[in-house]
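Step one of this worksheet: look at the structure below.
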Amino acid sequence: MAQRTEQLLMHLTSSVLATLLIISQCMVRVDSWVPDVQSKIRIPYDATVPSFFGNSSDNFKLLDQNENTLLIGAKNAVYNITIDHLVELPGQRINWPSSDAHRELCTLKGKHDQDCQNYIRVYARVNPNRIMICGTNSYKPLCRYYSVLPGNGSLVYDNNELEAQGRCPYNPQHNSTYVYTDGQLYSATVADFSGADALIYREPQRTEQFDSKQLNQPAFVSAIEYNGYVMFFYREVAMEYMNCGKAIYSRVSRVCKNDKGGPYPFQDKWTSFLKTRLNCSIPGEYPFYFDELQATTKAISGTYGGMRNKIIYGIMTTPENAIGGSAVCAFSVQDIMESFEGPFKAQRDIHSNWLQVPPSSVPEPRPGKCVDDSRTLPKALVNFVKTNNLMDNSVPSLHSRPVFTRVSLYYRLSAIAVDPQVKALDGNRYDVIFVGTNDGKVIKFVNILSANSSDDVRTVVISETQAFPPGTKINEMTISKKNAALIVISSGKIISLPLHTCNEHSFKTCKKCLELQDPYCAWDDLNRDCKPIEDVHASGASIDQFYQRLDGDRIGEICRKYEHQEPTVHTYEDNDVYTRIDGSGAVEKPDKSFDQRNVLIVHSNHGTVSSVGPEDIDNEISMSSMEGDELTNRIINTHQYQHKTDTFVKEDLRFATSNWSIFGVAIFLAALVGMLVGFMVTRKMNKGQACEHRNQWHSGKSLSMLSQTRTSGKDVNLLMNTTNQYHTQQQAIVQQLQQHHQNNCKDNIDFDYKDRSVECKNSTENLEKDISKGMGTLQKVKKTYI
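Dropping the structure here:
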């Protein structure tokens, strides 16, 4: 029995040790991806901001923008509205409803009355005095030309219509895009009523019809013109993955602007169409991919990684049936162009894998290059482009990782706008990025090292604004620098938000102003005020009287002289005060009917802000990946979090976790050796006694309190509880055992240690472990019964 028990004990301890080592390794690496968790401020929904209303079925789309006005496509109309107050200019509206015949035909084809309207989706300025607009026209797309009157800029229809098949979508909900350049309209949409014939089109060239190697169920996002090429961004079902299942990849395609088609019979087909994958992923041994492109910006010129470059920001998400993850990745235009110069990827037949095409198999001149006259190209080269248009190298993201991630059960990112190259006090320029969600939120953040480093990504999430009521999707956003406004567009409403909140009363203290880490805001040390950066540049005052700490360092040192002057927050029960973010004052703690989305908890001991209500479940992955005090310090206490804004690689978390893991393993090994020694000691003592115990096995672990009630005729198990004071307990155990045998070999041993009692029962071996959130290692082994 003793030999069997010893073997069992060795087996259990080895299993526990192996499990513990695995846990410790996992805890060291668990912080390799920690999504952005907390915004510094949260602003509730405000119905009083400047707004332009339509009905719920208007399907607003931004067509054009200048310094003062916005041109908005809607149902049966084009609105020209001012940016400052979002009011429609009188006499500037274009009314264009579908004809009765077209609406009746649309209804006969099975569409609803709401679909059988004319939704304006395409706008192009043909010349300074003429524009072209295109609409869905009850599932029969049409384009019209309007003349611009030189006096007041009014538009006059010149009775010129043409069919818009291939230029404009049939359905206003369909994902389509276009760009007008050099007198030509390049569009990416569908060319049939059912929406099955997707194409990239410029009259008369188009992609191959129903060719899944060129376009496979694409959802087009945006288009830009660059250096003699037109590039289209979209997501589609990946043909190269079909042997492994179904997956959606993000793509960028390009065509030459001077592509005139190929020799017969390719005269109406692209000879320069190539495509490649956009790689937005969290790096690692097994990268985590955000594969579905949702929105992009235009090409932005600036200084990135210490050199001039053009980049494009894109919103990428996980699939709809996966964990709700979204990311913002930046792609260099130069990297995109270089990927088209790399090797091709192709499939020999439908049963083969997709492999790199050997360089010897690539014809000359290189397929996809712009040539003077594409109609003179060899047919073999045009055939090669038709069947081998996918590049083997994907486009890497800038920094080789996202600049922003967000995990939420409530929303995903859906729109993006960037105020590029905002000049800070230190002379560096930073891109201030606004992202909208499908739940009506606008999140503002900045990558504080984007101008200085190409490797380190440190993202500061400045604010989170509930722009629309929850459940309202933000479709588009644009920025007006002249009005310092962010224009946010949903399907039936347009609003204007300020680019910054520097002038808000809540940030009129040195500490709160600097803790924002907002490139728009600076602290005026002379006037003791938080001022917008444009006022600083315009004032002509000495730059030495202003402070701006985008890195979050030395804020306490700078603001220490104001500590006795700055107001403090009075505390109530639980040391928390509920206050509205708009500064309207404290309110009672919310009852069940109160909308907790509009309430914040202000922790008076640090002056920090954390969310209350449904948003707290957001970013559950990052919360569960931290433990104990570290979780409190990083997620709840933003005052401490903001000083180390590296969202993705947190060295201090890794260091602390690894130290706890090593310390816990050392304790466990010491306790294990002690248990084995104790087991051997008790065995020898048992053999040397004249009396026979009913307990045939005494564990080598230190004894916890056994039941003080003496029983007879029953077997008694000695339960062990490992502690850090093992050796002291072992000596006490030996003394108790000697006293026990001297007192007529009683059936039970009375032993009390730190007031811990366990019930003595007959049972099988049971080993449970508890991993404490504070330590992250095995702290105690309890309830071991034989």
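Using mature numbering (1 follows the signal peptide of the UniProt record, and there is no 0), the letters of the sequence shown map in sequence onto residues -32 to -1, 1 to 754. We put the CB at the ideal spot given by N, CA and C, even for glycine. These figures come from a predicted structure and were not determined experimentally.
Uninterrupted alpha helix (DSSP H) stretches at least 4 residues long and entirely within the segment 337 to 390 occur at 347 to 355, given in chain order. Using a 10 angstroms sphere on the CB of Glu483, the tally of other CB atoms reaches 16 or more, which defines it as buried. Using a Cβ distance threshold of 8 Å, Ser240 and Ser382 do not count as a contacting pair. DSSP places Gly282 within a strand segment (E or B) once states are collapsed to three. Approximately 5 Å separates the beta-carbon atoms of Phe475 and Cys498; this is inside 8 Å, confirming the contact. Under the Cβ criterion (8 Å, minimum of three pairs), the segment 244 to 252 counts as touching the segment 355 to 373.
According to the DSSP secondary-structure assignment, Gly404 is paired through a beta bridge with Ala383 and Val410. With distances taken between CA atoms, Gly274 lies nearest to Asn396 out of Gly229, Tyr202 and Asn396. For Met199, the pairing in a beta bridge is given by DSSP as Ile192 and Arg222. Under the three-state reduction of DSSP, Phe258 is assigned to coil, being neither helix nor strand. Comparing C-alpha distances from Arg369 to each of Glu176, Ser122 and Tyr281 shows the shortest one belongs to Tyr281. Per the DSSP secondary-structure output, Cys297 pairs in a beta bridge with Gly282. In summary, His468 is buried, with 16 or more beta-carbon neighbours lying within 10 Å of its beta-carbon over all protein chains present. Nearest Cα to Ala45 within the set Leu358, Gly22, Cys212 and Glu253: Gly22.
For Ser448, there is no enclosing alpha helix (DSSP H); the residue is found in the beta strand (DSSP E) stretching over Glu444 to Ser448. Here Leu377 is exposed: its Cβ has fewer than 16 other Cβ atoms, across all protein chains shown, within 10 Å. Taking the Cα positions, Tyr217 is about 29 Å away from Pro333.
Of Ala166, Cys297, Arg135 and Arg61, the smallest CA-CA separation from Tyr114 is found for Arg61. Collapsing the DSSP output to three states places Arg61 in coil. Asn127 and Ile51 have their alpha carbons spaced roughly 31 Å apart.
Annotation: Tyr197 to Lys225 spans about 5 Å, alpha carbon to alpha carbon. Distance between Asn184 and Ile40, taken at the CA atoms: about 31 Å. Around the beta-carbon of Asp83, 16 or more other beta-carbon atoms lie within 10 Å, marking it buried.
For Glu309, the secondary structure class from DSSP, reduced to helix, strand or coil, is coil. With a cut-off of 8 Å on Cβ pairs, the segment 348 to 363 is in contact with the segment 301 to 318, counting three or more such pairs. Here DSSP, grouped into helix, strand and coil, assigns Asn128 to strand.
Taking each of Gly524, Leu518, Thr175 and Ser269 in turn and checking the Cα distance to Thr427, the smallest one comes out for Leu518. The segment 202 to 216 and the segment 157 to 164 do not touch, with fewer than three beta-carbon pairs separated by less than 8 Å. Taking C-beta atoms as the reference points, Asp165 and Gln182 fail to come closer than 8 Å. By the CB criterion at 8 Å, Val456 and Val410 fall inside the cutoff.
Straight across, the Cα-Cα distance linking Val353 with Ile416 is about 42 Å. Apart from sequence neighbours up to five positions away, the residues of its chain that approach Arg71 with a beta-carbon distance below 7 Å are Cys84 and Ser106, ordered along the chain. Under the DSSP assignment, Asp503 falls in the alpha helix (DSSP H) whose first and last residues are Ile501 to Ser507. The shortest CA-to-CA distance from Gln434 to any of Asp407, Ile523, Arg496 and Glu444 is the one to Asp407. Residue range Thr37 to Ala42 is occupied by the beta strand (DSSP E) that includes Gly41, with no alpha helix (DSSP H) assigned at that position.
The C-alpha of Met100 lies about 25 Å from the C-alpha of Gly229.
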